[in-house]
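In my numbering, the protein residues as written are 36 to 87.
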């Protein structure tokens, strides 16, 4: 069994890493923060601002 990575495998792994590190993870993290902010905004529309 040959376990040395092929040139195609290394390229695929690098492209997958680049997509995750610079594409998917930043978009998901921004989406989570935006969804949380939207939820707090909607909650405050009904419950009033903090301290009231």
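Built from N, CA and C at the ideal position, the CB exists for glycine as well. Every value quoted in this text rests on a predicted model; they were computed, and no experiment measured them.
Across the structure, residue 67 and residue 45 are spaced so that their CA atoms are roughly 31 Å apart.
The DSSP-derived three-state label of residue 87 is coil.
A straight line joining the alpha-carbon of residue 82 with that of residue 71 spans about 16 Å. The three-state reading of DSSP puts residue 41 in coil, since its state is none of H, G, I, E or B.
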